[in-house]
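Here's the structure we're looking at; comments come further down.
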Amino acid sequence: MCENIEFRLIFEGLQARNATPRLSIYATGALLLRDLYRGSIDVILPSTVLNKLTLANYRFPGIVEYRHDTFYASKGKHFTSLTKVVLQSEKIALFALLSLAASWITLGLSHCLHARVTLNMAAILDSGGFLIASLLSTSAPIPRAQANASRSHSLVLTAWMIAIFPLSFYFRGEVTSRLSIRIAPNPIDSLEELDAALDKGQLTPCFVNGSAFYVYFQRDDGRSDASLYAKIRAASKKHSNEPACLVSSPSECIRSCALKDNHACFMHSVKDCGPHQLGPDVVMSREPLQLALISTAVRKDFAMSEAYGNLLSTIFEGALNPRGFNNNWSCHRDISALHIILDQGEMKEFVELVQLSVFFTCFAGLQVLSIAVFFCELAYSWWQNPRV
């Protein structure tokens with residue numbers, strides 16, 4: 001399972017140290033914690049929530065993960081990032097670079113046209129600062145090289161500034177609006193709203209078959225709490241005795257549920273293998289109030305507790321290296337299979353941001369025309385007043 005990568009690494013670490021673990025399978029977590037307390041077993045690898053009871057009776061050499069309730073949904077056209085705005089579009093990247101180069105050359109030629117001297121560093125820096133300020137629609141003085149420019153040059157520069165500022169305001173507003181919307185809003189915060197969302201088909205609880213949360217969903221012991229899982233369980237019980245989406249893995253939940261249009265899925269958080277690899281298409285709306293610390297527990301008088309803690313530290317320090325943990329083979333295998341299925345048509349193709357592409361096209365075209373005008377004026381000036 002992708003979500004159990006840490007435990008795979010723990011077993012690999014034990015094997016590397018020639019340790020032979022003896023495995024025992026328990027039907028319930030209560031029996032597992034009981035035998036750990038009695039000393040029948042030394043370590044438990046299934047995820048255990050750190051609370052007052054477990055902290056009082058067991059030791060936790062290292063934090064394995066953080067868990068929280070999570071909504072998953074398709075980002076749609078309005079959920080994006082600066083990378084997706086620019087790098088995902090070849091036209092936008094091409095015209096942006098062309099615009100930058102053309103703008104700088106334009107301002108440089110203006111100095112060369114007036115002074116007929118080699119460009120100095122001060123003029124280049126002034127031109128660059130003015131270019132950035134113009135693109136970002138912020139105030140900046142016109143470079144010193146433009147102070148005593150000819151009338152024709154002043155007219156061309158004025159026309160360029162009149163054209164660039166509206167486009168710059170549009171560009172800054174467009175990027176700001178797109179980058180400000182990073183996650184899907186989560187208006188569901190009451191049992192009535194959950195019930196209404198289930199009625200309309202806007203929300204689907206997604207459970208991995210055989211998981212602890214699936215067992216929790218089926219449990220009917222009369223107890224209740226304020227967690228989001230409890231609210232969704234109560235709302236779902238009114239519609240069916242079974243979860244609306246029962247899957248074999250979290251990746252299947254993302255494929256079959258989260259990528260639907262105008263739809264959200266509720267599921268326990270998937271780790272690095274899932275939505276992080278599908279970042280451009282899947283958005284997570286986390287429930288921070290339900291955050292829980294998960295770790296592997298050992299009994300307090302376990303003789304190898306310190307050595308086991310050092311092993312965990314080594315594993316988790318290695319996990320900070322993206323070439324190690326984040327690219328674990330099991331993650332790659334799971335995500336590769338997921339992308340194969342999504343490439344067959346379940347994932348929407350990227351829609352190019354036409355408006356930004358048109359903006360950069362107009363901007364680059366304007367700058368290229370400006371360069372042509374300056375070259376013509378420079379040639380005409382030198383032809384009228386040749387150097388001796």
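Going by UniProt numbering, 1 is the number at position 1 of the sequence shown; the sequence numbering is gapless. Backbone N, C-alpha and C fix where the C-beta goes; we use that ideal spot for every residue, glycine too.
Can you tell me which of the three DSSP states residue i falls into?
i	result
F71	strand
A303	coil
R22	coil
L259	coil
G365	helix
N209	coil
G309	helix
I162	helix
Y380	helix
L33	helix
Around the C-beta of residue i, are 16 or more other C-beta atoms found within 10 angstroms, so that it is buried, or is it exposed?
i	result
residue 401	What the structure shows of the chain is the stretch from 1 to 388, and residue 401 is not part of that stretch, so it cannot be assessed.
Y380	exposed
M254	With the sequence shown as reference, residue 254 is identified as Ile, and Met is not the correct amino acid for it. I254 comes out buried.
residue 415	The question about residue 415 has no answer here: the residues shown for the chain are numbered 1 through 388.
F375	exposed
I41	buried
D301	exposed
A73	buried
A264	buried
L312	buried
R299	buried
residue 422	In this structure the chain extends from 1 to 388, so residue 422 is not present and cannot be described.
L125	exposed
A297	buried
L36	buried
L33	buried
Could you say which of the options lies nearest to residue i if we only look at CA atoms?
i	options	result
P205	C257, C376 and A196	C257
N209	L198, E193, Y72 and S248	S248
Y214	C245, A372 and C362	C245
A202	E252, A101 and K260	Strictly speaking, residue 202 in this sequence is Gln, with Ala absent from that position. Comparing Cα-Cα distances from Q202 to each of E252, A101 and K260, the minimum goes to K260.
E252	G309, A264, F207 and H263	F207
T361	G39, R22, R59 and L98	L98
A307	W382, E193 and V43	V43
A101	Q384, W382 and G365	G365
A372	E193, I105, E192 and R38	I105
What first and last residue would you give for the beta strand (DSSP E) that runs through residue i?
i	result
S245	Sequence inspection shows Cys at residue 245; the Ser mentioned does not correspond to that position. Per DSSP, C245 belongs to the beta strand (DSSP E) from C245 to V247.
What does DSSP give as the partner residue(s) for residue i in the beta ladder?
i	result
T204	C265
Y58	R299
Under the criterion of a Cβ to heavy atom distance below 7 Å, does residue i qualify as lining the ligand MN?
i	result
M304	Questions concerning the ligand MN fall outside what the structure shown contains, since it holds no ligand whatsoever.
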